[in-house]
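Encoded as C-alpha cells, the structure appears first; notes follow it.
There are 2 protein chains.
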Amino acid sequence: MPKLSSPPTASRRDPSETGTDGRILESAIALFAARGFGEVSVREIAEHANANPAAISYYFGAKEQLIKQAIRAVIAPLNVKRLAALEKVTAASQPPTVEDVVRAMVEPTVHASLNGAGTEKHYARIMLLGFALRQPFVDEVMAEQTDIIVVSFVEALAKALPNASRASLFWRYDFMHGATQHILLDQTRGHRLRRLSAGLTDTDSAEAIIRELIAFITAGMKAAA
Amino acid sequence: MPKLSSPPTASRRDPSETGTDGRILESAIALFAARGFGEVSVREIAEHANANPAAISYYFGAKEQLIKQAIRAVIAPLNVKRLAALEKVTAASQPPTVEDVVRAMVEPTVHASLNGAGTEKHYARIMLLGFALRQPFVDEVMAEQTDIIVVSFVEALAKALPNASRASLFWRYDFMHGATQHILLDQTRGHRLRRLSAGLTDTDSAEAIIRELIAFITAGMKAAA
DNA sequence: AATTGTTTTATACGTTTGTTTAAAACAAAC
DNA sequence: GTTTGTTTTAAACAAACGTATAAAACAATT
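The listed protein sequences correspond, in order, to chains A and B. Start counting the first sequence at 34; every next residue gets the next number (our numbering). Start counting the second sequence at 34; every next residue gets the next number (our numbering).
Written out as C-alpha cells, the structure reads:
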C-alpha cells in the first residue's frame with residue numbers, strides 16, 4: 034500500500050515525464066489497448082515499464098485502480114479538445130450549424146486515434162474495453178469521463194436544430210458515437226473493412242474517415258422525425 | 034480430449050435440446066455475455082451448467098474452442114434472419130429502397146437483442162466481446178460470421194443507390210453497424226443514455242430503437258458524397 | 001557525516017487458472 | 001448377463017495470477 038502522506042501519483046501531472054509511475058501508466062495503457070484489461074498481467078506491465086511488480090502496488094494500489102487511471106489518462110485530454118472545439122463553434126453570435134457540432138466531436142476523436150502522439154492513439158481501443166468490461170468500478174470512471182460530453186453536445190445540437198425533439202437528439206448522439214467508435218477500430222482489427230472493400234476504404238486516413246463520418250452523421254441528424 | 038470417432042458436438046444440431054454439451058454452451062454464452070470471455074472461468078461455466086469441468090474439455094477441447102462455438106452459436110442464426118429479410122426486399126422486380134435494406138439489417142438485429150429468446154438476446158454483448166478480444170482465433174470466427182453479411186448488404190445498398198460510389202457504401206455500412214451495435218449496449222450498461230436523457234429515450238423498446246435507427250441511417254445513406 | 005523520508009527491490013504467500021488423468025457410471029447390443 | 005462403447009466424475013497437475021512483506025538502495029536535509 035502507498036504511503037498515505039503525499040501520494041506520489043496525485044502530485045505529478047504529466048505522465049510523459051518519465052518517472053516510474055508514468056512509465057507504468059504508459060505501459061499499462063499500451064498493453065491494455067493491445068490485448069485487454071484482464072488479459073494483461075501486472076507482471077507484464079512492470080516488465081514493459083522496467084519496473085518491479087511491487088512498484089505498481091506502491092503507486093496505484095490494486096490493479097483496478099491502475100485500470101481506472103488508464104481510462105482516465107486516455108479519455109480526459111481528448112474531452113478537453115472536444116469541449117474546446119465545441120465552444121469555438123457555439124460561442125459565436127450565430128447558432129452553430131449541425132456540421133459544426135458534428136465536426137467538433139468527430140475531428141478531435143479521429144485525429145487522436147489515428148495521428149495522436151503518446152497514449153491518445155489508444156483511445157478507440159480503451160473506450161471499447163471500457164464498454165466491454167462490465168464492472169461497477171469501470172462504469173464509474175466511464176460515466177465520470179463521458180457524461181458531461183453527452184450533455185454538452187446534445188445541448189449544442191439543440192441550438193443547431195431548434196425544431197428537433199430532445200429525445201431525437203439523444204438517440205442521434207448515441208448513433209454518432211457508435212459510428213465513430215466502430216470505424217476507428219478497423220485499424221486495430223486487421224483492416225477488415227479495407228480488406229472487404231478491396232482497398233476502396235482507406236481506414237488509415239484520418240481525412241477520409243472524418244469526411245465520410247461528417248457527411249453521414251450530419252445527414253442523419255437532419256433527418257425528419 | 035474428445036474421442037476422435039463421432040465427435041458428440043458436431044452431430045447435435047439444436048443446442049437447446051438439453052444435453053450436457055448444450056447446457057455447457059448455453060451457460061457459457063450467458064456468463065460470457067454478462068462478464069466477458071477472460072473473466073469467466075471454465076469452473077464457473079461447468080457449475081452453472083450442472084456439469085463437471087472435465088466435461089468441457091471432453092466436448093469442446095480447450096476454452097478457445099468453447100469461445101469460438103459461443104460466438105458462432107449467437108451470430109449464425111441471426112445472420113440467417115438478416116439474409117432472409119434482405120432477400121425478401123431484393124427479390125422483387127423493383128429495386129429495393131434504401132429504407133428496405135436498412136430495415137433488413139436493423140429489424141432482426143434489434144429484435145434478437147431485445148426480444149430474443151434463448152441465446153439470441155446476448156448478441157450485442159457477444160459481438161462487442163468478439164471485437165474487444167483481439168486474438169487470432171477470435172478474428173477468424175468473427176470474419177467467418179460477418180464477412181458475407183457485409184458484402185451482401187453493400188450489394189443491396191448499391192441497387193438502392195445506383196449513383197453512390199462503392200467506397201461510400203462500405204463506409205456507410207460500417208457506420209450503420211456501429212450505430213446499431215452501440216445503442217443495443219445501453220440496456221446492459223445500466224441504461225446510461227436513458228438516464229442522461231432523463232427518460233426521454235426508452236432503450237428497452239425495440240420499436241423505438243428501430244424507428245430512430247432507420248430514420249438516422251437511411252438519411253445518412255442518402256447523403257451527398 | 002548522520003538522519004530522515006521516499007523509492008525500488010527480491011522474495012514469498014495463498015488462490016485460482018486451464019487442462020489432464022484414470023477410474024467410475026451409464027447405456028446399448030447381443 | 002456380459003460385453004462394448006460412451007459419458008461423467010473426483011482428484012490432481014503445473015503454471016500464472018494479484019498482492020504483501022521487509023529489507024535494501026537512494027535522495028534530501030541538517
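For glycine and all other residues, C-beta sits at the position ideal for the given N, C-alpha and C. Keep in mind it's a predicted model, so treat the numbers as computed, not measured.
Exposed unless 16 or more other CB atoms sit within 10 angstroms - verdict on residue i
i      : result
B:A248 : buried
A:P169 : exposed
B:D308 : Not covered by the structure: residue 308 of chain B. The range shown for chain B is 34 to 258.
B:T142 : buried
B:E153 : buried
A:S198 : exposed
A:P195 : exposed
A:D180 : exposed
B:S74  : exposed
B:A150 : exposed
Close-in-space but distant-in-sequence residues of the same chain around residue i (CB under 8 Å, 5 per side omitted)
i     : result
B:T53 : A82, A84, A88 and Y92
Where the alpha helix (DSSP H) containing residue i begins and where it ends
i      : result
A:Q178 : P169 to A193
B:L202 : R199 to I216
B:H81  : V75 to H81
A:S60  : T53 to R68
A:G163 : Y156 to A165
DSSP-derived helix/strand/coil call for residue i
i      : result
B:A124 : coil
B:D235 : coil
B:T130 : coil
B:D219 : coil
A:F93  : helix
B:A150 : coil
A:E72  : coil
A:N112 : helix
A:M34  : In this prediction, A:M34 scores a pLDDT of 32, lower than 50, which makes its location untrustworthy; the coordinate-derived value is nonetheless stated afterwards. Note: A:M34 maps to coil in three-state DSSP.
A:A103 : helix
Inter-residue spacing [alpha-carbon to alpha-carbon] between residue i and residue j
i      : j      : result
B:S90  : B:L162 : 22 Å
B:R222 : B:T213 : 15 Å
A:R76  : B:D237 : 42 Å
B:A239 : A:R56  : 46 Å
B:N148 : A:Q127 : 45 Å
B:V113 : B:H155 : 16 Å
A:S185 : A:L116 : 8 Å
A:P129 : B:A67  : 41 Å
B:L218 : A:A125 : 36 Å
B:E140 : B:I243 : 6 Å
B:V107 : A:A109 : 35 Å
A:K255 : B:I250 : 11 Å
A:I62  : A:E177 : 18 Å
7 Å Cβ shell around residue i - same chain, five flanking residues per side excluded
i      : result
B:E245 : none
B:V174 : K101, I104 and R105
A:R146 : With the sequence shown as reference, residue 146 of chain A is identified as Ser, and Arg is not the correct amino acid for it. Cβ neighbours of A:S146 beyond the five flanking positions: K154, Y156, A157 and L217.
Close Cβ partners of residue i (< 6 Å) along its chain, the five nearest in sequence each way excluded
i      : result
A:A137 : A118, L119 and V122
A:D133 : V122
B:H210 : none
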